[in-house]
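Residue numbers (numbering that gives the first Met the number 0): 0 to 270.
Ideal Cβ placement from N, Cα and C applies to all residues, glycine included.
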Amino acid sequence: MNKNVKGLTYSGMMKSLTEEEKKMLETLIEVEKMTKEGTLRDFFDELKETNHLVNKRITKELFAEDFLENTAREFVQGTLQLQYLGEDADAELVNVGNYKINLKFSPILRNLLKNHEGIFSSCFLTQSLKTIVLATLCGVMQEMRDNKLRDINSDVFVAWWFPFKLVYKAGFRIDFALDHIKRIGDEHYLIQDASSIQDSLLYKVHQEIAYISKEIDQRKARIKNLKKQALDNLSSHGSERSTFQANRFNQALGSWWKNAADGLLDDIPES
């Protein structure tokens, strides 16, 4: 369960970094040095090797005049100013496992800890820097959640890949996230490169699946809200006896619209 950490915020943490921590952060995001040495583009070699379609589209964007350098600088400035957090930069952090995060990104961190236990095992950063970099990782993942694959372009792939590579450079084991961007890059450009794909039956089938899936998600959210209303109603009963009776009635109503074998057999498709 999340527990507020009194007074601890990202902005306060940034202000209280030691000189050594500031140097570590500068080393991690040394865009000017990478630009001068010509190593900035090396960050994208792995992405470009996904296949010829990704290479063609990403390379075109990367080698546009100053595009990569400007994107990298914007990211660094955004990190230092905690732009991924917005107003949350001054909000108190919450605990998720052994880590601290802003409330908005806490579901993402819980998911990461559940599915990728060793993600922080190679990280060399101090706890404060780890917390700040973790906000960047979760912030990019939140952006990915907020955008449909069909609505993004090469700029976005670059803007997501670069911070992931810096997080990886800091010792976070996020190969799975880099592999995910390569996969969706492959799928994105495969669809974009196909001619008249929107006229195909396959496109229409998947479009219908997407619409139905969205409707199912909305209905699940509605069910969750209605169950909460039922629990709130139960908690309003005063005596223990009346609460017991209300719970029995609530359970019976929960079964009223189900088939009589529900709970006896696993789900079997309707015939």
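Query                                                                                                                                                 : Result
Grouping DSSP H, G and I as helix and E and B as strand, with all else coil, what is N94?                                                             : strand
Cα-Cα, which of N249, L108 and Y9 is closest to S127?                                                                                                 : Y9
When you compare each of D174, K47, F243 and S241 to L111 by their alpha carbons, which one comes out closest?                                        : D174
Does S212 pass the burial test, meaning 16 or more other C-beta atoms within 10 Å, or should it be called exposed?                                    : exposed
When you compare each of R221, L148 and K257 to Q206 by their alpha carbons, which one comes out closest?                                             : L148
Within 10 Å of its beta-carbon, does W160 have 16 or more other beta-carbons around it, so buried, or fewer, so exposed?                              : buried
Specify the secondary structure class of I173 as computed by DSSP and reduced to three states.                                                        : coil
Answer with buried or exposed for A71, where buried requires no fewer than 16 other C-beta atoms within 10 angstroms of its C-beta.                   : buried
From the DSSP output, in three-state form, read off K22 for me.                                                                                       : helix
Decide yes or no for the touch test of the stretch 130-149 against the stretch 97-114: beta carbon pairs closer than 8 angstroms, at least 3 of them. : yes
List the endpoints of the continuous alpha helix (DSSP H) containing A88.                                                                             : Here A88 belongs to no alpha helix (DSSP H), and DSSP marks it neither H nor E.
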